[in-house]
Amino acid sequence: MAGLVTGSLMSLVEDGVLDARLAPSLRIHLDWIQYKTNFRDPVIVRRTASPQGQALPLAEIAVDLRQADAATLQADLARAVRSLGEGAEANADQHIYLDDFRPYRDCLIWRFNRLFWQHLGDWEAASGQGFEAALPGGTSDANHPQAVSDSVADFWTLLRDLDNRGQLPPEIVGLEIGVGNGARAAAWLDRFKALDEQCGTTFYSRMHFLLGDYSPTSLERALEAVAQHGSHASGVPLDALNPFKALASYRFKVMYVHLTNVYDNLPFDDLVRRDGKLYIVEVRAYLNGLKVDQLTAEFGMSRGDLPGAVETLLEGGPYAVFPGEKGVAFWRRLWDTFKLEERLRALDDREEDHVPPGLSRNHLEDLLDEAPDDVRFHVSRGAGESFANTLPLLHPRGFLQVQDIFVSEMDDYRKGFRGPGKLDGSLVTWVNGALLRAVGARAGYDVHFAPFPYRPGTKTSVLYTTQRD
Amino acid sequence: MTPSLPTLPTSVIGSYSMPEWLERAKNEYLSRRLSRRDLDEMHDAVRKAAIKDQEVAGVDIVSDGEAQRDNMIDYFTERMPGVQVDLGSKRFYYDFYDSVVRTKLATGTLGLAEEARFLGTFSGRRSKISLSGPHTLVKRLRNLHYESEEAFALDLGRVLNVEMKELVRAGATELQIDEPYYSGFPEDLPWALKAINAMVEGVDATITLHICYGNRYGKPSFEGSYRYLFPAILDAKIQRVSLEFARRGEEDLQLFKEFNVPFSVAIGVIDVKTQEVESPGFVADRIRRALEVIPAERLVVTPDCGLVRLPEEVAFRKLCAMVEGTRTVRQELGR
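As they're listed, the protein sequences go chains S and F.
For the first sequence, this note's numbering assigns the number 469 to the last residue and increments by one with no breaks.
For the second sequence, this note's numbering assigns the number 335 to the last residue and increments by one with no breaks.
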């Protein structure tokens, strides 16, 4: 496909569509995007803007090699090249724009994401499968029996060591943030109880396991899953961005915190360095013009109705748009059509909004010093915020484990586009592990990454903390 | 002349807020991109500002804020004759150097007297200088010479005793020994207290022993109860013990009912591990509860530990709340 892109561009030069004098400076990005469905059309143009949002001359064309269709590639590229020229028709594809350009952290995908977790049951009923089946691997690594068993064994060893030193707290507190369907918490507690009995210790009797989630559906399911553990488990409605807020009374008391695939579903920003300058990626949500007519015909709406219907959906849920199954069907079709246009806005020297909680601008600049030139990378601000607001819960000997998809070194961003990807109803993006390492260091923790050894080929890795001496 | 103290004197533990720009400068110094002279000028400016903040807040016993100390270990080991410090072993100032002891420690000054002179020059208030204790240093230094931790600690006590006497000669009247590792190794207490007594032998100053649960990176290193200190601590030849109560709650205050403690008690009423600023009323309540078990003439009011991990604005407001809450109780006592 990469060869086809080059060939098509040469044809565009020969046809006079692309000015040969521009060709050497035209920047083309070829991305292999892990997620087959994502928020990009196969060929997109990214323009640049000043810090104040005024257009700058630099632009680039990005091709998603996985989505691109050989049959239409040349036409798509020609359209992209034409759109760069003076006097190009604005919105030639007749997209329906839903928003202005804004950083990823503030864009509409997060409202869709929240909607998904709030109405998870409705979505699953319509899709006929649980959300875990929609994950790229078709299953969650959270519930792998051997992983759970090893985790329990490690934790039990820690408790035994503390007990031997007379330092075991009266109450042993564990915490799972983002509980899914509760399967992992249930398996973990079952195993913990069994090991405790097997070893003749009394740790289980002192155990209190907290299940934290902001989705009422997930929390309800999870509590059902752990019902047999009675008062040893309880649910806490919490925002993953700030677990400390809901759990302040557990400051420095939680011995074990675990998260699976939570950080990859939290707000982030994308930064891009081009020719030594730093840009923030801003996005504008739109409904793909080529698919909109199908959507409006199917639901008996006009194009003009759509922005209002989207707002109603996001505010009131699917049934506020249409009653019954039709509301959910509309939501699902809309999600298929939903895309993001990107532009690169130059960052002002004094701008700090992109700096994640837990770090200062200076720390972020230190991190950028490690990044290769001409690279695009995440500022995983949601993950950083969540991490920074979870660490104060940890007991001095406690630890935190996160199973997720991490980019553990800044240099690894050179190896490919790391999302976001579009899942069935929600989204996923890789997490900047190097950034979490910096957040951890500021808070007194060393952050390590280890492969997830239980499923060959998985992209999951495990972040774990140790006390920084 | 040493300024007199009111009833319920207020004090800090030692460190004051570390500006982020100074942290960066310290790292630059380690990377040899900043000279020692420039860094020392910055340290002195920050120390003067720290003293001023404490005086404006109304603290009775001030420190210099300890901005010149990278952490509570390296500042001492770098200066201690006989300790080999690998100066290339850290890039971040707050980390610890790799330090090793291969021979018996020599007797020599650490040069802390400069701190006493600095405080005497820039503050008219009573002031305090803290030193890391033998047990803490034993736990951080690699010992390749002494046959036991106890032997090592006792010799450190000997060296630090010389330094304390130097400090007194330079005008220091209040000295503090910091021992945050006791709570993680309560079984060491018998020999750790022997080392304290060696350290304070013949030192003519008011000596405080500060025992907390750690404040590295603004978080505790250990948890538990102060019960392990008793009754062993009653034999320590100190004038004051300083403990943290604000973060941990006041349950352990009951120990002072159970045991007849022969020294005064500095109680932590300010939680240094949160940026939430206590109200003066909250501080006053804490002091009142302490007064139920400790007489006013033997009570000193402090934060739980050093303020180094707090932003300056928060640290200052916490000290103001501490002073105001203390004044409220003083008025109630009619003093």
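Backbone N, C-alpha and C fix where the C-beta goes; we use that ideal spot for every residue, glycine too.
- Taken atom to atom, the span from the alpha-carbon of G174 (chain S) to that of N362 (chain S) is near 34 Å.
- Secondary structure at F399 (chain S): strand, using DSSP grouped into helix, strand and coil.
- Per DSSP, reduced to three states, the secondary structure at M255 (chain S) is strand.
- Bounds of any beta strand (DSSP E) do not take in M322 (chain F); it lies within the alpha helix (DSSP H) bounded by E312 to L333.
- Below the 8 Å Cβ cutoff, chain S contributes no neighbours of K318 (chain F), its closest Cβ being approximately 17 Å away.
- Interface residue (Cβ-Cβ distance to chain S less than 8 Å): Y181 (chain F) is not classified as such.
- Boundaries for T217 (chain S): no beta strand (DSSP E) harbours it, while the alpha helix (DSSP H) harbouring it runs P216 to A225, taken from the DSSP string.
- Taking 3 residues as the shortest admissible run, the segment 14 to 86 of chain F contains the following complete beta strand (DSSP E) segments, listed from N- to C-terminal end: 83 to 86.
- Residue burial is scored here from C-beta neighbours: G3 (chain S) has fewer than 16 other C-beta atoms within 10 angstroms and is therefore classed as exposed.
- Classified as exposed, F259 (chain F) has fewer than 16 neighbouring CB atoms from the shown chains inside 10 Å of its CB.
- By the rule that beta-carbons nearer than 8 Å mark a contact, Y75 (chain F) does not touch chain S.
- The continuous stretches of beta strand (DSSP E) do not include A106 (chain F), and DSSP gives it neither H nor E.
- Closest option to P396 (chain S), judged by alpha-carbon separation, among S:Y445, S:F101 and S:P357: S:Y445.
- Taking 8 Å as the threshold, the shortest C-beta distance from Q67 (chain S) to chain F does not fall below it.
- When DSSP reads this structure, P237 (chain S) sits in a beta bridge with S:D213.
- Taking the C-beta atoms as reference points, L8 (chain F) is found nearer than 8 Å to L299 (chain F).
- Between the segment 367 to 374 of chain S and the segment 320 to 334 of chain S, the count of C-beta pairs closer than 8 Å stays below three; the two stretches do not touch.
- For the pair V323 (chain F) and A116 (chain F), the CB atoms are not nearer than the 8 Å cut-off.
- Per DSSP, F338 (chain S) lies in no alpha helix (DSSP H) segment; the continuous beta strand (DSSP E) that holds it begins and ends at F338 to A346.
- Interface flag for S360 (chain S) against chain F is set, since a Cβ pair is found closer than 8 Å.
- In the DSSP assignment, S242 (chain F) falls within the beta strand (DSSP E) that extends over R240 to L243.
- Here the alpha carbons of G306 (chain F) and M72 (chain F) stand approximately 11 Å from one another.
- Between the segment 85 to 102 of chain S and the segment 60 to 68 of chain S, the count of Cβ pairs shorter than 8 Å is below three; the stretches do not touch.
- Chain S places a beta carbon closer than 8 Å to that of R24 (chain F), counting this residue as a contact.
- One finds Q167, P396 and R397 in chain S with Cβ atoms closer than 9 Å to the Cβ of F222 (chain F), taken in chain order.
- The Cβ-Cβ distance between E149 (chain F) and V138 (chain F) falls below 8 Å.
- Comparing alpha-carbon positions, the option among S:L12, S:E176 and S:T37 lying closest to D424 (chain S) turns out to be S:T37.
- Contact between the segment 141 to 148 of chain S and the segment 187 to 196 of chain S is established, with three or more Cβ pairs separated by less than 8 Å.
- Within the DSSP secondary-structure output, P303 (chain F) pairs in a beta bridge with F:I270.
- Spanning the alpha carbons of F230 (chain F) and L209 (chain F) requires a straight line of approximately 14 Å.
- A straight-line Cα-Cα distance of about 13 Å links A285 (chain S) and L306 (chain S).
- The segment 203 to 213 of chain S and the segment 164 to 174 of chain S touch, with no fewer than 3 CB-CB distances between them shorter than 8 Å.
- From the beta-carbon of F96 (chain F), the residues of chain S found nearer than 8 Å are D469.
- In this chain, the alpha helix (DSSP H) harbouring P280 (chain F) covers P280 to L291.
- Taking all protein chains shown into account, R335 (chain F) has fewer than 16 neighbouring C-beta atoms within 10 Å of its C-beta and is therefore exposed.
- In this structure, L436 (chain S) sits away from V254 (chain S), with a CB-CB distance that is not shorter than 8 Å.
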